[in-house]
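Heads up, the first sequence is in numbering that gives the first Met the number 0, so the first residue is 0 and it goes up one at a time. This report refers to the structure that appears directly beneath it.
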Amino acid sequence: MLEIQILRDQKARAVAGLKKRGFSEERLLAIDQIVSLDDQRKDLQTQLDVLLNERNTLSEEIGNLFKSGKAQEANQLKVKVQATKDAAEALESKLQETKAALDALLVTLPNIPHTTVPEGKTPEDNKVHKAWEGALPTLPANAIPHWELAEKYNLIDFKLGTFLTGSGFPLYRGKGARLQRALISYFLDQARRAGFEEIQPPLMVNAESAYATGQLPDKEAQMYYVEKDDLYLIPTAEVPVTNMYRGQIVAESDLPIKLTAYTPCFRREAGSYGSDVKGLNRVHQFDKVEIVQFEHPSRSYDTLMEMVSHVSHLMDSLELPYRILHLCGGDMGFTSATTYDFEVWSAAQQKWLEVSSVSNFESFQANRMKMRFRDDKGKMQLVHTLNGSALALARIVAALLENNQTEKGIRLPQVLVPYTGFEWIGEES
RNA sequence: GGAGAGAUGCCAGAGUGGUUGAAUGGGACGGUCUCGAAAACCGUUGUACGGGCAACUGUACCGAGGGUUCGAAUCCCUCUCUCUCCGCCA
Numbered sequence: 000m001l002e003i004q005i006l007r008d009q010k011a012r013a014v015a016g017l018k019k020r021g022f023s024e025e026r027l028l029a030i031d032q033i034v035s036l037d038d039q040r041k042d043l044q045t046q047l048d049v050l051l052n053e054r055n056t057l058s059e060e061i062g063n064l065f066k067s068g069k070a071q072e073a074n075q076l077k078v079k080v081q082a083t084k085d086a087a088e089a090l091e092s093k094l095q096e097t098k099a100a101l102d103a104l105l106v107t108l109p110n111i112p113h114t115t116v117p118e119g120k121t122p123e124d125n126k127v128h129k130a131w132e133g134a135l136p137t138l139p140a141n142a143i144p145h146w147e148l149a150e151k152y153n154l155i156d157f158k159l160g161t162f163l164t165g166s167g168f169p170l171y172r173g174k175g176a177r178l179q180r181a182l183i184s185y186f187l188d189q190a191r192r193a194g195f196e197e198i199q200p201p202l203m204v205n206a207e208s209a210y211a212t213g214q215l216p217d218k219e220a221q222m223y224y225v226e227k228d229d230l231y232l233i234p235t236a237e238v239p240v241t242n243m244y245r246g247q248i249v250a251e252s253d254l255p256i257k258l259t260a261y262t263p264c265f266r267r268e269a270g271s272y273g274s275d276v277k278g279l280n281r282v283h284q285f286d287k288v289e290i291v292q293f294e295h296p297s298r299s300y301d302t303l304m305e306m307v308s309h310v311s312h313l314m315d316s317l318e319l320p321y322r323i324l325h326l327c328g329g330d331m332g333f334t335s336a337t338t339y340d341f342e343v344w345s346a347a348q349q350k351w352l353e354v355s356s357v358s359n360f361e362s363f364q365a366n367r368m369k370m371r372f373r374d375d376k377g378k379m380q381l382v383h384t385l386n387g388s389a390l391a392l393a394r395i396v397a398a399l400l401e402n403n404q405t406e407k408g409i410r411l412p413q414v415l416v417p418y419t420g421f422e423w424i425g426e427e428s
């Protein structure tokens, strides 16, 4: 969540940023309300502290009186203490109310977009940061979409997945399953080479974790929830991996902390039926390798571009056409300050599919998580958190199958061959 | 799942109602000593939220949340987690 200090000291920036996200004048009032509630909170806190101090002083006196055998006087003082206790109790509950109101308002404010974030409301307004300059693949006349290829070569069984679980839960088999495993290994190896420590996190998290990275309360409907144990299936490895440092104070010299994890991701995608859900385009369970960084605020934007570059290299090496979008204010995620989306060209479907999202959250998540470091002046500071997909598998597989289909079968990019153990799907050579 | 034990500062570990934000030891940091280092000795070593230009100061925090009390790390309740034993089990 946003630091109140930013709302106080940099109100103009906050207003401009939230307007970029499409905030109405009315919703912007929340800023002033928050500041005013925070003032109230401080005032109540001060009053309460005075009363508590009074109580503590009197209690000490009572103790001393009892020690010196003056029980009578002590009992008189007890009566006096009662009054301050009652007053303190009233203040305390008022303070709690104020804090609750403050928090309720604060969680409704999304992160302030970085100044470079393009203006705009819808995905159409996203700015192309890097267009694809090469040629798009030309397919044979009888080219088919990936879900048909998957069936033709017996790589993915959508029907069986539906039978076992429900729609949106594909079952990979044979070379399809091996391709999945190969991609995961390849991506993890590349991340490790780039200095990321490999993590295998739990696939379910508790509410505190989901809250810290911003899935709660904002995106509750997106997550599968295990009611009996009060746990959430992770929608991305970002959640458990970022939370590894929840509440932690690290040394400045520890930064940046670079972590990577492969996990399945579970997303309910409630309400998104209809278009775009065919085949692997939008599924409830998919595999993803995530990269996460905790960085010094002064370096976080350089780091963001490094992560963008890392993902670019992956796409290049897979020989897939892609473009990079700089998301506009209206299309950005709630917690993000800047997001670059990667879209792969799906040649048979003739459309761009999102395969990676690289974001800088600045101090937004760190503030919720209370992850800090001590700077060179000895002051506590919130770290900046960043993450990105590197990469999300399902749609990459869709593009690999479609774009590389030939009369003889599907030819995989060279970098994958050591991982798959085969170069061709459909052609036994 | 059943029975028992426990949860204290960076770590280990005291503390069972009244200067306990917390003994002691270790670690870390600073200093003295030394050509340098080790050893020894001295000192420092929390977070959050307030007030103050500042020195400083108030409040809260000993797993979490409630309660008892003038006063709680210390007593009571609930929850979470850890350990030991039993059961089950990849």
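Where a beta carbon is used, it is the ideal one built from N, C-alpha and C, also for glycine.
Practice problem: Report buried or exposed for L50, applying the criterion of at least 16 other Cβ atoms within 10 angstroms of its Cβ. | Solution: buried
Opposing strand residues paired with I30 [DSSP bridges] = Answer by DSSP bridge pairing: none, since I30 is not bridged.
Exercise. Helix, strand or coil: which one does DSSP assign to I61?
Worked result: helix
With DSSP as the reference, label R371 as helix, strand or coil.
strand
Looking only at its own chain, which residues have a Cβ that is under 8 Å from the Cβ of L415, when we skip the five neighbours before and after it?
L178, A181, L182, Y185 and L317
Between I33 and R40, what straight-line distance do the alpha-carbon atoms span, to the nearest angstrom? 10 Å
| task | Go to I290, then tell me how far its beta strand (DSSP E) extends in each direction, as first and last residue. | result | Q284 to E294
Check: According to DSSP, which residues form a beta bridge with A391?
Finding: K287
Check this for me: beta carbons of S355 and A389, under 8 Å apart or not? yes
L101 versus V357 - alpha carbon distance = 30 Å
**OP:** Please report the residue range of the beta strand (DSSP E) in which A89 lies.
**Re:** No beta strand (DSSP E) contains A89, which is instead part of the alpha helix (DSSP H) from A70 to L105.
Checklist entry - If you follow the beta strand (DSSP E) that V127 is part of, which residue opens it and which one closes it? => result K126 to K129
In the DSSP assignment, the beta strand (DSSP E) including A181 goes from what residue to what residue?
Element bounds for A181: not the beta strand (DSSP E) but the alpha helix (DSSP H), K174 to R192.
**Asked** Do you know how far the Cα of W146 is from the Cα of V365?
**Response** It should be pointed out that residue 365 corresponds to Ala in this sequence rather than to Val. Straight-line Cα distance between these residues: approximately 41 Å.
Review point. Can you name, in chain order, every residue of its own chain whose Cβ lies under 7 Å from the Cβ of P417, other than the five neighbours on each side?
Key: none
Practice task
Starting from the C-beta of E422, find all residues in its chain whose C-beta is less than 7 Å away, skip the five residues before and the five after it, and write them out in chain order.
Solution key: R410, L411 and V416
With a threshold of 16 other CB atoms inside 10 Å of the CB of M370, please say whether the residue is buried or exposed. buried
With respect to the beta strand (DSSP E) encompassing N359, which residues constitute its N-terminal and C-terminal limits?
K350 to E361
Between Q247 and the rest of its own chain, which residues show a CB-CB distance below 7 Å, the 5 nearest in sequence each way excluded?
M370
| said: Rounded to whole angstroms, what is the Cα-Cα separation between A206 and E268? | reply: 19 Å
Item to check | Three-state secondary structure (DSSP) of H10 | outcome: It should be pointed out that residue 10 corresponds to Lys in this sequence rather than to His. Helix.
Q) Which stretch, first to last residue, makes up the alpha helix (DSSP H) that contains P136? A) Note, P136: premise wrong, no alpha helix (DSSP H); not H, not E.
Identify, in the order they occur along the chain, each residue of the same chain with its Cβ nearer than 6 Å to the Cβ of Q292, setting aside the five sequence neighbours on each side.
P255, K257, T302 and L385
- Quick one: measure Cβ to Cβ for E294 and H383, integer angstroms, because I've assumed they're closer than 8 Å. 5 Å
Cβ neighbours of L17 in the same chain (closer than 8 Å, five flanking residues each side left out):
R26, L27, I30, L108, P109 and I111
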